[in-house]
Every structure is written in structure tokens, then in C-alpha cells.
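In the working numbering, the protein residues as written are 1394 to 1680. Don't be surprised by glycine CBs; every beta carbon is placed ideally from N, CA and C. Data first, discussion second: the structure below is written as C-alpha cells.
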Ligand SMILES: [Ca+2]
């Protein structure tokens, strides 16, 4: 083999080695990327599992017999107070809300609705329109009440749907009520329910912010009692449980469940991904 041929072979070998190195490097980069993706997915699954465990923990606290001590910090308040604890996987934040402390979209009367909407800072003219539209949305007839809205008003507003003329099945349907702005809907969501089935709210489990909103909307003095039509005792049986988990690696997941307790256990009415987060502090007690 001449020197020229040897040089050509050497060049080909060098090129091949270079090519293989590039392929190998690409493989390593791809594998690293896959490993990172798998690690992220695994961490997210840990976060979801931890959040689901938070719902189970809350259910245990809600169903354990009185005066037992199956879990630490028994007797959680049910007005949305935040509870936090830590595990080996990460931190857990849980809120328990008694649905009896919220305004029921199907059972509340016009005066309570009006106070709720007015307390949100809505203009008085709009308060009357929204209250009437909400009542027309759920009543079975198609005759608009004064200031109300039935099919004709929805079509005139350019909407391609009509009032439901039936009970609200989820609070999401509130967004369909004529003239309900997205921002007002977002502000109302934490304070309304379809599970209380009571005309009024139970002040002992209502979120303090809701009591302030209603007091403001109804023009009640700070020391004035709520009118009787605003008050109904809770059945203490249906709860929203929100559990936010943050793993040590930084993944977050929030579970939002609505559960009804019965003599034999519980029924899950809703099981959704939530959007409430909390800052997880150092030094939390063990869950
Ligand atoms: Ca109607």
C-alpha cells in the first residue's frame, strides 16, 4: 500500500471515529434528557400521590370517632383554615371546607344572593340583573321575572345557549348565567356550592371572608345579627377537601375533592385537579 493510500485510509478511519463520537454524544444527550424527563414525571407522580394522601388524611379526621386520637391535631376546623405537615416525600397543605358554610346555588333565596353579589362590589343595577338572571336560570319556567333573563334574553345577547331551567349540578354552570363576568364568577366560586341544600348558611363553619361579604352586601352593622333567612344549620356531612403537595424536589400537585359522609363511609362527588397552592415552611410537624 502506498503512502497516499495509507493516508486516505487513515483519513477515513479518523472521519468514522469522529462520526461515531458524534452519534455516541447525541445518544448520551438524548438518554440524559429521557432520564431527566422520567425523573420529573416520577416526582410529579410522588406529588400527586402525596396530595391524594392529604385527602385521605382529612377524611380520616372527619370520620374518626370523637375523643379518639387516631391522628395528631384532631378536630380540624371546617371553615377553610389551612393545616400543614411534612413527610419524607415533601410538605402537605390541607384545607377542609364544610359546604353548609357556603351559599347554595339551588336553595338560597333572592335576598341572600343579592347580598352575596352586592358584597362583591358589583354596581347596584347589575346586582338586581344578576340576581334575577340567576333565579331564572334555575327555575323550570321560561317566563322572565322583573330584571330577569330567559331564552329570549340569552338569544338577544348573542349567546348560543339558553338558561338551564333546572338545578345547578356543578358550580361551573354559574359562568353561564347571563351577564356573569369571568372575574365575578372567579370571585364567587369559593363561596358557592350545590351540595349544602340549605336556604341559608351556617355561620359556625362559613369562611370568615364570606360572612364579611354578606354583611357588607346586606348593609348590616358589624354587631347586627344575620336575618333568619340567611341562616341554616349545616348537615356537617359534605366537605370540599383541597390538598396541595410540594415534593422535596419541587414538584407541586393540588387535589380538590368534594366528599359526602354517610353512616358507612363516604361518597366522592367530585375529584379534580385543583389550583390552590401554599408556601411550604420549614420545620412543619410530621403528618
Ligand atoms: Ca327559567
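Checklist entry - Using a threshold of 8 Å, is the CB atom of residue 1694 nearer than that to any non-hydrogen atom of ligand 1? => result Because residue 1694 is not part of the residues shown, which for the chain are 1394 to 1680, the question remains open.
Checklist entry - Buried or exposed: where does residue 1644 fall if 16 or more other Cβ atoms within 10 Å of its Cβ makes it buried? => result Numbered from its first residue, the chain shown carries residue 1644 at position 251. Buried, by the Cβ-count rule.
Checklist entry - For ligand 1, is there a heavy atom less than 8 Å away from the beta-carbon of residue 1539? => result As a position in the chain shown, residue 1539 is number 146, starting the count at 1. Flag unset: Cβ of residue 1539 not near ligand 1.
Next on the checklist: At a cut-off of 8 Å, would you count residue 1558 as near ligand 1, judging by its Cβ distance to the nearest heavy atom?
Outcome noted: In the chain shown, residue 1558 corresponds to position 165, counting from 1. Residue 1558: yes, Cβ under 8 Å from ligand 1.
Item to check | Residues near residue 1550 by beta carbon distance below 7 Å, same chain, minus five either side | outcome: Residue mapping note: residue 1550 aligns to position 157 of the chain shown, counting from 1. Closer than 7 Å at the Cβ level, and outside the excluded window around residue 1550, lie 1571.
Checklist entry - In whole angstroms, what separates the C-alpha of residue 1575 from that of residue 1672? => result Position 182 of the chain shown, counted from the first residue, corresponds to residue 1575. Position 279 of the chain shown, counted from the first residue, corresponds to residue 1672. Distance between the alpha carbons of residue 1575 and residue 1672 is about 27 Å.
Next on the checklist: Check whether the segment 1520-1536 and the segment 1586-1596 touch, using three or more Cβ-Cβ pairs below 8 Å as the test.
Outcome noted: no
Next on the checklist: Quick check for students: name the residue ranges of the beta strand (DSSP E) that lie wholly in the segment 1458-1534, counting only runs of 3 or more.
Outcome noted: 1472-1479, 1483-1491
Next on the checklist: Let me check you understand the geometry: is the CB of residue 1543 closer than 8 Å to at least one non-hydrogen atom of ligand 1?
Outcome noted: Counting from 1 along the chain shown, the entry for residue 1543 is found at position 150. Flag set: Cβ of residue 1543 near ligand 1.
Item to check | Check whether residue 1607 and residue 1505 have beta carbons under 9 Å apart | outcome: To locate residue 1607, count along the chain shown from 1; it is residue 214. To locate residue 1505, count along the chain shown from 1; it is residue 112. Their beta carbons are under 9 Å apart, which means residue 1607 touches residue 1505 by this criterion.
Checklist entry - In three-state terms, what does DSSP make of residue 1441? => result Stepping through the chain shown from its first residue, residue 1441 is reached at position 48. Correct three-state label for residue 1441: helix.
Checklist entry - On the three-state DSSP scale, how would you describe residue 1645? => result As a working mapping, residue 1645 is identified with position 252 in the chain shown. Strand at residue 1645.
Checklist entry - For residue 1631, which beta-bridge partners are listed by DSSP? => result On the chain shown, position 238 is the one that residue 1631 refers to. BP columns for residue 1631 point to 1653.
Checklist entry - What's the gap between the Cα of residue 1609 and the Cα of residue 1473? => result In the chain shown, the residue the question calls residue 1609 occupies position 216. In the chain shown, the residue the question calls residue 1473 occupies position 80. Rounded to whole angstroms, residue 1609 to residue 1473 spans 20 Å at the Cα level.
Next on the checklist: Quick check: does the Cβ of residue 1616 come within less than 8 Å of any heavy atom belonging to ligand 1?
Outcome noted: Stepping through the chain shown from its first residue, residue 1616 is reached at position 223. Every heavy atom of ligand 1 is 8 Å or more from the Cβ of residue 1616, so no.
Next on the checklist: Is residue 1534 close to ligand 1? I mean its beta-carbon at under 8 Å from any heavy atom of the ligand.
Outcome noted: Here residue 1534 refers to the residue found at position 141 when the chain shown is read from its first residue. Because some heavy atom of ligand 1 lies under 8 Å away, the Cβ of residue 1534 counts as near it: yes.
Checklist entry - Is the segment 1608-1622 touching the segment 1507-1521, taking contact as three or more C-beta pairs under 8 Å? => result yes
Item to check | Spatial neighbours of residue 1448 in its chain, beta-carbon cut-off 6 Å, leaving aside the 5 residues before and after | outcome: Within the chain shown, the letter at position 55 stands for residue 1448. Same-chain partners within the cutoff: 1634, 1636, 1648, 1650.
Checklist entry - Does DSSP put residue 1569 in a helix, in a strand, or in coil? => result Working through the chain shown from its first residue, we reach residue 1569 at position 176. Residue state, collapsed to three classes: helix.
Next on the checklist: How far does the alpha helix (DSSP H) with residue 1543 in it extend, from its first residue to its last?
Outcome noted: Against the chain shown, residue 1543 aligns to sequence position 150. Counting along the chain, residue 1543 falls outside any alpha helix (DSSP H), and DSSP gives it neither H nor E.
Item to check | Outcome for residue 1501 when other beta-carbon atoms lying within 10 angstroms are tallied against a minimum of 16 | outcome: For the purposes of this step, residue 1501 is taken as residue 108 along the chain shown, with counting starting at 1. Buried.
Item to check | residue 1497 and residue 1590 closer than 9 Å at C-beta | outcome: Mapped onto the chain shown, residue 1497 falls at position 104. Mapped onto the chain shown, residue 1590 falls at position 197. Closer than 9 Å, so yes.
Next on the checklist: Run through the DSSP bridge pairs and tell me what residue 1638 is partnered with.
Outcome noted: Numbered from its first residue, the chain shown carries residue 1638 at position 245. Residue 1638 pairs with 1485, 1646.
Next on the checklist: Checking the sheet assignment: what are the DSSP bridge partners for residue 1598?
Outcome noted: Taking the first residue of the chain shown as position 1, residue 1598 is located at position 205. For residue 1598, which the question treats as bridged, DSSP gives no partner whatsoever.
Item to check | Best match in 1482, 1556, 1494, 1604 for proximity to residue 1639 [C-alpha to C-alpha] | outcome: Within the chain shown, numbered from 1, the residue matching residue 1639 stands at position 246. Residue 1639 has its Cα closest to that of 1482, out of 1482, 1556, 1494, 1604.
Checklist entry - In or out: residue 1432 buried (at least 16 other Cβ within 10 Å) or exposed? => result Against the chain shown, residue 1432 aligns to sequence position 39. By the 10 Å Cβ count, residue 1432 comes out exposed.
Checklist entry - Can you name, in chain order, every residue of its own chain whose Cβ lies under 8 Å from the Cβ of residue 1669, other than the five neighbours on each side? => result As a working mapping, residue 1669 is identified with position 276 in the chain shown. 1488, 1635, 1637, 1647, 1649.
Item to check | residue 1540 to residue 1451 span [Cα, whole Å] | outcome: For the purposes of this step, residue 1540 is taken as the residue at position 147 of the chain shown. For the purposes of this step, residue 1451 is taken as the residue at position 58 of the chain shown. Cα-Cα distance, rounded: 43 Å.
Checklist entry - If we ignore side chains and look at the alpha-carbon of each, how far apart do residue 1478 and residue 1652 end up? => result Along the chain shown, one-based indexing puts residue 1478 at 85. Along the chain shown, one-based indexing puts residue 1652 at 259. Each residue's Cα considered, the two are about 22 Å apart.
Checklist entry - So the alpha helix (DSSP H) residue 1659 belongs to, where does it begin and stop? => result As a working note, residue 1659 is residue 266 in the chain shown. Segment 1658-1666 is the beta strand (DSSP E) holding residue 1659; no alpha helix (DSSP H) there.
Item to check | residue 1535 versus residue 1493: straight-line alpha-carbon distance, rounded | outcome: For the purposes of this step, residue 1535 is taken as residue 142 along the chain shown, with counting starting at 1. For the purposes of this step, residue 1493 is taken as residue 100 along the chain shown, with counting starting at 1. Distance between the alpha carbons of residue 1535 and residue 1493: 30 Å.
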